[in-house]
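Numbering (our numbering), first residue to last: 13 to 851.
Beneath this line is the structure, given in structure tokens, with notes to follow.
As structure tokens, this is what we get:
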């Protein structure tokens, strides 16, 4: 009798990977803006020690200078863009402060901050151990500037980052530019100014800032956590510190002498495709240190902090402003259906955007009150909300406060902060009126979507100051409060954008998105992150394209096996987009590859454009197809599903999404989708002198050199352009920990192991691809191998039992699997059994 053969013997399969044979926007001219301060000029040739950097991890961008000014860097027309890569809705913005300073010097009322230039200089105010001011840090482009980090700088594709920094199209970005950005991230990661007050995530809880210099978040064994510079949990953070101690700079705008304030500013954002991806958060920590002559008993009374902005929603001359007191939101929106820049240059409706005043200064309250300070609860205090919203406009009766060093500008600004007309200036006080002639601290608080309430552009007999559409500035003020020397205050705001189907629905989307900003703040920004972005490559072939995001095993593991606060990886989406700057909602979903489980179509709360309401509707469309990390494209879905044309440029995006099914229905989101990896592709015929030995989808030849296993290896070509001509082999072994069968892929030509400890033996498409090939490894089918009994020999089982099982004439085998039901038993769970028969 033959012995029953083992299910697994050492198996060696060799196959050959054949090599191929190598034979504009309009700049503004508004004279009221003033000249741009030259201190923020960036170096276009290198990103080393920049004086000005963007925050650009999601769908909205903002440029920041070391002195705190957010200036118009994009086409000299906007501080940033929304949607990213198009036009913008903010020309310039910054924090402004004012109060009555009791330090023995005059004038008492002083105002400073960041408007069309900065009243400040980069760096800290230096003090001795007793708190006496020694002066300000000297100007130093290396130590006193904006520091910028992102969590994934070491491994991320920085094409989009470089395109935003160099203000170029993604297709024009060079390897050198990408490397410049990565090099600066490395510098800032390792010189993150924690000693000056910059935040970081203390993941090992030892109170010492100790990041990995190469950007790793844990060591190779996975048992050591490294600290992460930046706002905890954020995907990108900018940090800077500045002060108003230089007398000439402090007086340059509004004629005030220095107060002696140090401002530590943290700006951060999340790489998310839900509404969190349409906002940037900012925390401004203000410390009253005083000047070298300020007595320790000095105070600032009746003080206000303002988030100011000059919004230009695309074309600057047709804007309206508004506020929502329930959300502490001040915003800009277009006054007409079409904006000359958004529509003519990008084919988009105008967005709406503005600032949500999330946290105001802290003031004493009752014992039952509580406030938030430094993202911690402080009892017996309360946070002031936005206490005034007002606006002014260029060339109008309510023009900008006087600039150029005139002290009258200080007095006009102080009136605005207090909720009064800027002119007549302080100490005169002319109150603000709403559209109906009522005194108010919150102008323009009506609803432009429904056309009700106090709205911009609607004058009445009681209020003739209402202006036609034009160039607005908005003022979100909070106060009054008092600061003693040595006190610290902070405010938290969010820059939020909303893009709807028209100029009014954009306002509704803005307010919906603002709700997410408030959710994040109310949860102390302890938020889950979406899955890591896939790393996508594209093969431009003859009338076809192959997208592949399964080439980097480390990144695949990071994307698929890193749960975030209950959110677990669920699948991948592939979209075709109209342009490189399009949103996912403007594209066509081509495919979804999701995990085989009980989750398929996922519903979530979203803003519905048709109804104008937040409703529950499907947002992800899984089908339990199983994971696949490549996608072949032969037809153009955006043009009626016609065949691809060589030389035509196409745009695609790949995302990963995760799901948390344990959250209550009232949670603002249950799905997190990564920011899209946009791929610009152009199919073309094979270049002259180049010949591929295989086409996408071909199966390569394999040779079984040893062993007697029934397993198989099927190498399928995904990217012919990546074929190397190397010889590869697959070997099997037993995992010493689990006891299961694992396999490895070795490049025999280079004598290097390229994949190890692989467990998938199902033959599906859930494999890592190497050298342009997906190597499918299939284990042997379940059951015993064939056997026979020589004629005339005695049988030890019932003769011709034929029970329909394997072995011994159908008398043995997996009865449960083959008779009673299906089974989830896989080959790696089978065990070898030795049966000895004795007479």
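Backbone N, C-alpha and C fix where the C-beta goes; we use that ideal spot for every residue, glycine too.
Could you check the C-alpha separation between residue i and residue j for me, to the nearest Å?
i	j	result
residue 707	residue 698	11 Å
residue 306	residue 438	25 Å
residue 339	residue 526	8 Å
residue 616	residue 691	27 Å
residue 874	residue 413	Beyond the ends of the chain as shown, which are 13 and 851, falls residue 874; an answer cannot be given.
residue 419	residue 214	45 Å
residue 723	residue 560	26 Å
residue 300	residue 140	15 Å
residue 133	residue 81	10 Å
residue 679	residue 522	19 Å
residue 440	residue 433	9 Å
residue 207	residue 75	24 Å
residue 483	residue 326	11 Å
residue 506	residue 688	22 Å
residue 709	residue 510	43 Å
residue 176	residue 308	46 Å
residue 109	residue 315	7 Å
residue 370	residue 530	7 Å
What do you get for residue i, buried or exposed, if any count of 16 or more other CB atoms within 10 angstroms of its CB means buried?
i	result
residue 230	exposed
residue 190	buried
residue 781	buried
residue 285	buried
residue 925	This structure gives no information on residue 925, because the portion of the chain shown stretches from 13 to 851.
residue 654	exposed
residue 297	buried
residue 588	buried
residue 336	buried
residue 136	buried
residue 785	buried
Using C-beta distances below 8 Å, list every residue in its chain close to residue i, excluding the 5 sequence neighbours before and after it, in chain order.
i	result
residue 138	145, 146, 147, 148, 149
residue 629	615, 616, 618, 620
residue 381	391, 392, 393, 394
Which residues mark the beginning and the end of the alpha helix (DSSP H) in which residue i is found?
i	result
residue 560	Where residue 560 is concerned, there is no enclosing alpha helix (DSSP H), although the beta strand (DSSP E) it sits in stretches over 556-560.
residue 171	171-178
residue 189	187-202
residue 565	565-572
residue 526	517-534
residue 420	420-430
residue 265	259-266
residue 681	Here residue 681 belongs to no alpha helix (DSSP H), and DSSP marks it neither H nor E.
residue 357	352-358
Please identify the residue among the options whose C-alpha is closest to the C-alpha of residue i.
i	options	result
residue 118	96, 301, 310	310
residue 122	271, 169, 191, 133	271
residue 319	485, 68, 597, 391	485
residue 112	331, 337, 749, 427	427
residue 580	670, 403, 136, 646	670
residue 251	512, 591, 205	205
residue 86	95, 333, 103	103
residue 423	405, 442, 550, 408	442
In chain order, what residues of the same chain lie with their CB nearer than 7 Å to the CB of residue i, ignoring the 5 residues before and after it?
i	result
residue 174	185, 189, 190, 193
residue 171	182, 185, 190
residue 612	634, 635, 636
residue 46	For residue 46, the pLDDT reaches just 48, beneath the cut-off of 50, and the residue's location in the model is therefore unreliable, although a value from the coordinates is still provided. Within the same chain, residue 46 has close Cβ partners 128, 129, 415.
Between residue i and the rest of its own chain, which residues show a CB-CB distance below 6 Å, the 5 nearest in sequence each way excluded?
i	result
residue 496	311
residue 36	At residue 36, the pLDDT of 41 sits below 50, so the modelled position is not reliable and the matter cannot be decided from this model.
residue 638	608, 776
residue 576	540, 541
residue 675	682
residue 360	354
residue 53	Its pLDDT being 38, under 50, residue 53 is placed unreliably in this model, and the value from its coordinates should be taken loosely. Excluding residues within five positions, none has a Cβ falling inside 6 Å.
residue 471	478
If you follow the beta strand (DSSP E) that residue i is part of, which residue opens it and which one closes it?
i	result
residue 64	64-67
residue 382	382-385
residue 854	For the chain, the structure presents residues 13 to 851; residue 854 sits outside this window and is missing.
residue 606	600-606
residue 727	724-729
residue 182	No beta strand (DSSP E) holds residue 182; DSSP gives it neither H nor E.
residue 132	Segment: none, residue 132 is in no beta strand (DSSP E) and carries neither H nor E.
residue 81	First-last for residue 81: undefined, no H or E at that position.
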